[in-house]
Amino acid sequence: MEEKIVSLKQQGLTLKQIAAELDVPIGKVQYAWRKWRNQQQESEAVAPVKPKGGNKKSKATVETSKKQVASTKETLDGATSPLLDQGPEGFWQLPDRYNVDFLHAVVQSPNSVYVCWEVSDLVKETLELQFMRRWEDLPKAFRILDVTLLDYSSGQANRSYTFDLPEMTNSWFVRPLDPNTTYVFEFGIRTMEGEFLPIVASKPLDTPRAEPSGTGRFAEPVRRWQYGEVDSPEVLDTLPKYAAYRYVR
Amino acid sequence: MKPGYFSLVLHAHLPYVRHEEKHRLEERWVYEAISETYLPILWQVDRLKRPLHWTVSISPPVVEMLADPLIQDRYVDHLDEMLELIELELSEDRTDAEKATLHFYRQRYNDLKNTFLHWDKNLNEAFRTYREAGYIDMVTCTATHGFNPHLFTEQAARAEIRTGLNCFERHYGFRPTGIWLPECAYTPGVDRILFEEGIRYTFVDEHALLDADPTPEKGIGAPVYSPHGVALFPRDQIISGKIWSSMIGYPGHPDYREFYRDLAYDRDWDYIQSFMHPEGIRFDTGLKMHRITGDTDQKDFYVREWAEHQIGNHAMDFAKTLESHLEAHSAQTFPPFLVTAPFDAELFGHWWFEGPEFLGQVAERLDEFGIETITPAIFLERHFKDLQTVHVSMNTWGRKGYGEVWINERNEWMLRHLHMMEMQLVKDVADYREQSELTDRALKQLIRHYVLAVSSDWAFILDGQTTAQYAAERFREHTRLFAELETALYQDSLTPQLLDEHYKAYPFLQDVDIEIDSFLAPHDYYVTKERVQEDPAILVLTPEYHGHLVGGLGKRVIDEVEARANEGEVVYVLTPYHEGLPEYERHGNIHVYRVRPTSPFLEHVMNQVATQNIAYVKLVHELAKRVPFKVVHHFDWMTIPAARELAHSLELPLYSTMLSFETTRNPHGHGGLFDAIHRIENSVFPVAKVVYVGEEISIPELKQRYQLSENVNTCLPLETSPYGQDSMKKNVK
Numbered sequence: 207m208e209e210k211i212v213s214l215k216q217q218g219l220t221l222k223q224i225a226a227e228l229d230v231p232i233g234k235v236q237y238a239w240r241k242w243r244n245q246q247q248e249s250e251a252v253a254p255v256k257p258k259g260g261n262k263k264s265k266a267t268v269e270t271s272k273k274q275v276a277s278t279k280e281t282l283d284g285a286t287s288p289l290l291d292q293g294p295e296g297f298w299q300l301p302d303r304y305n306v307d308f309l310h311a312v313v314q315s316p317n318s319v320y321v322c323w324e325v326s327d328l329v330k331e332t333l334e335l336q337f338m339r340r341w342e343d344l345p346k347a348f349r350i351l352d353v354t355l356l357d358y359s360s361g362q363a364n365r366s367y368t369f370d371l372p373e374m375t376n377s378w379f380v381r382p383l384d385p386n387t388t389y390v391f392e393f394g395i396r397t398m399e400g401e402f403l404p405i406v407a408s409k410p411l412d413t414p415r416a417e418p419s420g421t422g423r424f425a426e427p428v429r430r431w432q433y434g435e436v437d438s439p440e441v442l443d444t445l446p447k448y449a450a451y452r453y454v455r
Numbered sequence: 103m104k105p106g107y108f109s110l111v112l113h114a115h116l117p118y119v120r121h122e123e124k125h126r127l128e129e130r131w132v133y134e135a136i137s138e139t140y141l142p143i144l145w146q147v148d149r150l151k152r153p154l155h156w157t158v159s160i161s162p163p164v165v166e167m168l169a170d171p172l173i174q175d176r177y178v179d180h181l182d183e184m185l186e187l188i189e190l191e192l193s194e195d196r197t198d199a200e201k202a203t204l205h206f207y208r209q210r211y212n213d214l215k216n217t218f219l220h221w222d223k224n225l226n227e228a229f230r231t232y233r234e235a236g237y238i239d240m241v242t243c244t245a246t247h248g249f250n251p252h253l254f255t256e257q258a259a260r261a262e263i264r265t266g267l268n269c270f271e272r273h274y275g276f277r278p279t280g281i282w283l284p285e286c287a288y289t290p291g292v293d294r295i296l297f298e299e300g301i302r303y304t305f306v307d308e309h310a311l312l313d314a315d316p317t318p319e320k321g322i323g324a325p326v327y328s329p330h331g332v333a334l335f336p337r338d339q340i341i342s343g344k345i346w347s348s349m350i351g352y353p354g355h356p357d358y359r360e361f362y363r364d365l366a367y368d369r370d371w372d373y374i375q376s377f378m379h380p381e382g383i384r385f386d387t388g389l390k391m392h393r394i395t396g397d398t399d400q401k402d403f404y405v406r407e408w409a410e411h412q413i414g415n416h417a418m419d420f421a422k423t424l425e426s427h428l429e430a431h432s433a434q435t436f437p438p439f440l441v442t443a444p445f446d447a448e449l450f451g452h453w454w455f456e457g458p459e460f461l462g463q464v465a466e467r468l469d470e471f472g473i474e475t476i477t478p479a480i481f482l483e484r485h486f487k488d489l490q491t492v493h494v495s496m497n498t499w500g501r502k503g504y505g506e507v508w509i510n511e512r513n514e515w516m517l518r519h520l521h522m523m524e525m526q527l528v529k530d531v532a533d534y535r536e537q538s539e540l541t542d543r544a545l546k547q548l549i550r551h552y553v554l555a556v557s558s559d560w561a562f563i564l565d566g567q568t569t570a571q572y573a574a575e576r577f578r579e580h581t582r583l584f585a586e587l588e589t590a591l592y593q594d595s596l597t598p599q600l601l602d603e604h605y606k607a608y609p610f611l612q613d614v615d616i617e618i619d620s621f622l623a624p625h626d627y628y629v630t631k632e633r634v635q636e637d638p639a640i641l642v643l644t645p646e647y648h649g650h651l652v653g654g655l656g657k658r659v660i661d662e663v664e665a666r667a668n669e670g671e672v673v674y675v676l677t678p679y680h681e682g683l684p685e686y687e688r689h690g691n692i693h694v695y696r697v698r699p700t701s702p703f704l705e706h707v708m709n710q711v712a713t714q715n716i717a718y719v720k721l722v723h724e725l726a727k728r729v730p731f732k733v734v735h736h737f738d739w740m741t742i743p744a745a746r747e748l749a750h751s752l753e754l755p756l757y758s759t760m761l762s763f764e765t766t767r768n769p770h771g772h773g774g775l776f777d778a779i780h781r782i783e784n785s786v787f788p789v790a791k792v793v794y795v796g797e798e799i800s801i802p803e804l805k806q807r808y809q810l811s812e813n814v815n816t817c818l819p820l821e822t823s824p825y826g827q828d829s830m831k832k833n834v835k
C-alpha cells in the first residue's frame, strides 16, 4: 500500500486524489508519504553536519563513524523550518501537520474548551512496535479528566469521560464542561483490553467561573500567597515559561 | 466635589494594515479612524484645554501607522480627494438639506487637514503634547493585540507586552504603568508577567470581578488586585451601556448620523468612479448624508443642528445618570465608589459620529455637577492600600464574556500554527542568539513576523466573516515569511538584503523595540551555553536501576554501566521514575534519568510499558539534539519497542541484554500477555547487533522458542565492552 501511495504521489497526484483513488483515509496517505519522504531525506543526506554549540572534539570521531553522530537526523530535519511546506502546485502552504507531539487546550467558555493535538511518527512507530499493529488500526479515543484539587501526576481524578474519535481527528471543541473545574484532556488509543492509553495530554486547565463564587476554592490559596505564607501561588498559571530543551538536564 | 469618581478610558486600535502598494482598501480603515475619531477627540482635548483625566490607550500598530510617512502623505491625498468630491457635490443640483451637510463637511475636512498639518502629519505628537500638558493620560497595548489566554508560552505573552511598551516608549518618551489588555482578556498568570514588566493596572469586564474568588466586598465599585498585584479596573456595564449600546444607548438616536448609508452608494458609477478604487470597487467615501431617522430603510437627510442639539441633551442625561449612580453608592468608602468606563476609541466618531463632541460636553457637565473624574493612575496613588486581592478567572469583554470570538469553528485552524511558531522561536533563540549580528537581526525579524501573525484581529475578523479573506491571507503571509526566514537561518543563507526585504514587507516596529531574550528560557540558556559538551554517549534503557533491585537485572545493569563509565565512557541511563528517587542524577560520567510514563492511570502491564516507552522516545529525541549518542543498549523485554524505535530513528547500533525471557521465566505460560511479550522479545533478534543473554540460558534451547540469528551471545565479562567496534575509543580523561 505504501509503495502504491508513493508511486501515485510521484506521478503528481495530490494526497487527496490518492486517498480517493485508493479509497483510504487521507491521514494514511499523508502518513505514508511523509514517512517515505523522511526516509529519503535521511538516506540522501550527506550534508556535512554542523554540530551546534561547536563540539570541538577530534574530527576523527565524526569521520570514523557517521552513524554515531546522532545529531544527523536533527540537523537534516532542521534544515528547513517546520512551517515550510509546499502544496501540490509548488506554492507554500500551511503544513497540515508538524510531526511533533503536543496537545494544547484553550478556554472557549466556562462550558467549552478547544483542544488540538498531534502525534509524531516516532511515537506512532513506537506504538506499532509495542502492539504489533499498524497505527491506523489502533482505535483513537479522547479522555476528559476532572482533576479539580487533585494532582494529575498522582494518577487521581474526580471523574473521567472517554469517547471514541474518528481516525484523522486532530482537534475538538470539548463541550459541555462545568465551569470552575480543573480539567486535563488526553488523546490516545484504545488497547486490545479496551483500556484507554493516553499519548498526549494537556496541562491542567481551569474553566472560568460563570457566577459569583462567594468564598470559593481560590480564596485561601490567594490569601496564603498574599501574606507570604507560600513561596509560589498555589493556583494554575496559564502562561508558564516554555523551554525548548526542558527534558535535557 | 461629590463622593465617588468617574474614569473614562479610550482604547485606539487597528491591525497593522500598512501596505507599500497603493489603493489597499484596508488602509482606508486608518484614514477613517483619523478623520472620524482621532482628530475629533484631539479637537475636544484642545477645546477644553484642562486636565480631563481621560486615559487614552493607543496600540503599537496605530502608533506605528500614525508615525509612518507613507500613510501620513497618503492621508493628506485622501483629504484632498474628499475636498474635491465635496466641491463636485456642491456644484451639483442638490437639495438645501444636502447642501447644508456638504458645507458642514467642507468645513470639517478643511479643519481635519489643517490640524493634521499643524502636527506635521504625526498625531503621536498631538497625543504626546496633550499628555505632557496634563490634559490626558496615556497607556498602550501589547505589540499586536495578541489574545493572551490563547497564547501557549509565557515568552510569547512577555514579548507582546514588552515589545508594545518599548514601541510606545520610543514614540512617547515614557513607559506607562498601565496597559490595555487586548480584548480586555485576562488569564491567570498574565498578571505575573505584567507585574514583572512594570505594569500596575489594566482593565477587565465587570464579570471578572463579579465572579472573582472571593467575591470582592466592593463589587465593581472598586478595582481589585490580581494575585500578582496588578490592579484590575472593571468596566461598569450599566454606565457604559448607555453609551455603547446602539439599542438602549445614545448612538441610536434618530437625529444622529446614519453609519450604514454612504454617498458612494447613492451616486451613479460614472459620476463617482474617479473617487473609487481603480479596479472598480465601490467603497464608503465617509460622506454620509443621512440620519438614523428610525427603524426604517427610508432615511432622511442629516441635519447637523438637530444632531448637535441631541449631543447636548445626551451629555446632560449622562451626567445626571452618573450623578444618581454615584449618589446611590455614596456610602462606599476606602476607596470611594469608582465608575470605570472603558471603550474602543473608534466607537466615538467612527461608529457614533457625534461621539467625540458628546465626550467633550460630558466633561463640561461633570465639572458643573461636581463629579470628580480620575485616571486609574491617580486613583491608585490615592487608594492603593484599600484594594482587595482576589483570584480572577479567564474572561474577556467579547461576546458572551469569554473566548468565543477568538476560538471557534471559523478561526480555530490558526491556533496550532501560532503555537508552533512560539515553540520554534523559543528554540531558535536558544540555539542562535548572539551568534552574529545577522542571526540576531533574523531572530528579531522572526519575532516581528510572529507578532504580526498573532494579532487578535485576524481571529476577530474571521469570526465576523467580513473581509475574512484579507485576515486569512495576512495570517498565511506572516506565517510563510516566518517559515522562509527561519529556513534561511537554518541554512545559513541570511544576507542583509534578505533581512531588509523581510522588514520592508511590513515595516512594523524597529529592531530596538524587539528583545530577543524575551523568548529565552533560563533553562535553555543553561543547556545551550553552560552545559558541558560531551563525547558520544552510550544510551542505556533499563526497567531497573538503583534502589529498586529485583533479581539480577538491576545489579547487572549497574555493574555494566559503572564498568563502562570507569573506562571513560559517557553513559545515559533511562529508567522508570521511582517514588522517592530524584528524576535526574549525575555521577561522574553517568547521567540517570528516571522517566515518568506519559500517563499514570493505566492498569494493564503492556499499556504501562507502552507509556513508559513513549516517554523514553520523546526524551531521547530531545536529548539527541544536544547529546551525541553512539549506541543504544537496552535491558529486558520492556524496553524493546523504545530501543528499536530509537536505534532506527537515530540510526544507531542496537545492543540487547536479556538476562531472562518470558519463556524461561514462565515455561508453561500462555495467554494474551504471554504471547505479546514473546512477540516483543522475538522482535529484537533481527534488529540488534548483538543480543546478550544470561549465563544460565541455553542458547540452543532458546532457539526452539525464538527465531534467533547468529547474533546471540552469552553476556561478556564486565570488564569487556559489549559494543566491540562501536565503542571505538577509550575516553581516557
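Sequences listed follow chains A and B, in order.
Just so you know, we're using our numbering here: the first sequence kicks off at 207 and counts up by one.
Just so you know, we're using our numbering here: the second sequence kicks off at 103 and counts up by one.
Glycine included, every Cβ here is placed at the ideal spot set by N, Cα and C.
Nothing here was measured: the structure is a model prediction, and the numbers come from that model.
In the DSSP assignment, B/Ile238 falls within the unbroken beta strand (DSSP E) covering Ile238 to Cys243.
Pairwise C-beta distances place the region 387-407 of chain A out of contact with the region 734-747 of chain B, as fewer than three of them are shorter than 8 Å. Interface residue (Cβ-Cβ distance to chain B less than 8 Å): A/Ser408 is not classified as such.
Cβ-Cβ distances below 6 Å link B/Thr265 to Ala245, Asp615 and Ile616 in the same chain, with the five nearest sequence neighbours on each side left out; the list follows chain order. In terms of Cβ geometry, B/Ala333 and B/Tyr288 do not form a close pair [threshold 8 Å]. About 17 Å separates the Cβ atoms of A/Arg381 and B/Ser495, ruling out a contact at the 8 Å cut-off.
The bridge partners DSSP lists for B/Asn715 come to none. In this structure, the alpha-carbon of B/Pro444 lies about 14 Å from that of B/Tyr107. A straight line joining the alpha-carbon of B/Glu724 with that of A/Tyr451 spans about 7 Å. For a cut-off of 8 Å, the C-beta gap from B/Ile476 to B/Ser109 is around 5 Å, short enough to register as a contact. Under DSSP, B/Thr423 forms no beta bridge with any residue.
Secondary structure note for B/Met167: its alpha helix (DSSP H) is the uninterrupted segment Pro162 to Leu168. What A/Ala416 touches in chain B, judged by beta-carbon distance under 7 Å, is Asp313, going in chain order.
Along the length of the region 216-282 of chain B, whole alpha helix (DSSP H) runs at least 4 residues long occupy 225-234 and 256-274, reported in chain order.
Counting of Cβ neighbours within 10 angstroms places B/Pro819 among the exposed residues, the total staying below 16.
When C-beta distances to chain A are compared with 7 Å, the residues of the region 242-271 of chain B below that value are Pro251, His252, Leu253, Phe254, Thr255, Glu256, Gln257 and Ala259, in chain order. Beta-bridge pairing by DSSP links B/Glu474 to B/Tyr107. In terms of Cα proximity to B/Pro251, the closest of B/Gly280, B/Gln593, B/Thr766 and B/Tyr504 is B/Tyr504.
Around the beta carbon of B/Val241, a 10 Å sphere encloses 16 or more other beta carbons of the protein chains shown; the residue is thus reported as buried. One Cα belongs to B/Glu524, the other to B/Ala479, and the distance between them is close to 33 Å. Check the Cα spacing between B/Val719 and each of B/Ala421, B/Pro598, B/Leu752 and B/Leu704: the tightest is with B/Leu752. B/Glu821 counts as exposed, since fewer than 16 other C-beta atoms from the protein chains shown sit within 10 angstroms of its C-beta. The C-beta distance from A/Thr413 to A/Leu383 rounds to 6 Å, short enough to meet the 8 Å contact threshold.
Flagged as an interface residue toward chain A: B/Gln593, by a C-beta distance shorter than 8 Å. The beta carbons of B/Pro318 and B/Val111 sit no closer together than 8 Å. In the three-state scheme derived from DSSP, where H, G and I count as helix and E and B as strand, B/Asp315 is classed as strand. Under DSSP, the beta-bridge partners assigned to B/His113 are B/Ser159 and B/Asp446. For the pair B/Val326 and B/Phe335, the Cα-to-Cα distance works out to about 7 Å. Our two residues, B/Leu611 and B/Glu575, have alpha carbons roughly 21 Å apart in a direct line. For A/Phe393, the pairing in a beta bridge is given by DSSP as A/Phe348 and A/Val406.
The region 351-365 of chain B makes contact with the region 380-397 of chain B; the number of CB pairs closer than 8 Å reaches 3 or more.
For A/Leu290, at least one C-beta of chain B is nearer than 8 Å to its own C-beta. Just measuring C-alpha positions, the residue of B/Trp156, B/Gln400, B/Gly690 and B/Leu721 sitting nearest B/Pro699 is B/Leu721. With the criterion set as a beta carbon lying under 8 Å from some beta carbon of chain B, the members of the region 434-455 of chain A are Pro439, Val441, Leu442, Asp443, Thr444, Leu445, Pro446, Lys447, Tyr448, Ala449, Ala450, Tyr451, Arg452, Tyr453, Val454 and Arg455, in sequence order. About 6 Å separates the CB atoms of B/Leu312 and A/Pro418; that is less than 8 Å, so the two are in contact.
Below the 8 Å Cβ cutoff, chain A contributes Ser287, Pro288 and Leu289 as neighbours of B/Gln526, in chain order.
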